[in-house]
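Worksheet: one structure, shown below.
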Amino acid sequence: MRDFRFAVVSLSLLFACAALAGAEEKKVTIGLIGDSTVATTYGWGPGFSKQVTSDTEVLNFAKNGATLDSLSHKLDELLKQKPDYVLVQFGHNDQKRYGTKEYAEKLKSYVDRIKAAGGKPVIVSSVTRRNFGPDGKIAPRPVGDVLKAPLYEYAQTAGQVAKQESVPFLDLYTISVAHHNKLGPAETAKYDFNETDKTHFSPAGTDATAELVVAELKVVVPELAGHLK
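Sequence positions in the sequence shown follow mature numbering (1 follows the signal peptide of the UniProt record, and there is no 0) and run -21 to -1, 1 to 208.
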């Protein structure tokens, strides 16, 4: 009887260890989709990829000049790879094409498609452009013939869609504005891709902005904290 009990306990421990090992080996895939401020060229995406753990894969489908419309087919390609999470950040180019109402409808479509594919969408508001006003604070680009509405209105709309759809919202616009207001124009210049480009990132800007994303992602999607450095 003692040997039988010992065998049962041993098997139980063996199964428990196997289950634990399986849990530890589970890979997590995070998809990124958005415009050039996320893309591998000079966005924060490459910096983000460096800040995930070895059991986490990042699929960056962001493209330069992209809008929600133009990258719709790329979302389909991304979803075929069955990502666990998809971070969606659009706005910079969308604000040149359509107003916030259409933006909300198109963003909701992305959320619905990600959910239908079994993924978990995370809406990310656009990172700020790094233009400063006379007071030394971030000043939104003026609305005119080119822009349909200021970038902060698209950020607010993104938050509203996230709330309506009950999905996490990472308010990178507000976070990045506060970050650069604290740094000031001189330190912020280190983030610029070149002297005249206040939108895209230098390598230092890529990494620093990715740190902002990672820190907030741990808050809004706490189950991912173990997959982020």
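For each residue, glycine too, the CB sits at the ideal point set by N, CA and C.
Predicted model only: the values in this text are computed from it and were never measured.
Under the three-state reduction of DSSP, residue 36 is assigned to strand.
The three-state reading of DSSP puts residue 64 in strand, counting E and B together.
Rounded to the nearest whole angstrom, the CA to CA distance from residue 14 to residue 5 is 30 Å. Counting of Cβ neighbours within 10 angstroms places residue 72 among the buried residues, the total reaching 16 or more. With a threshold of 16 other beta carbon atoms within 10 Å, residue 155 meets it and is buried. Each residue's CA atom was taken as its position, placing residue 198 and residue 142 some 16 Å apart. In the three-state reduction of the DSSP assignment, residue 71 falls in the coil class. A Cβ-Cβ distance of about 45 Å is found for the pair residue 112 and residue 61, leaving them out of contact under the 8 Å criterion.
For residue 185 and residue 171, the gap between their C-alpha atoms comes out near 9 Å. Partner residues in the beta bridge of residue 7, as assigned by DSSP, are 35.
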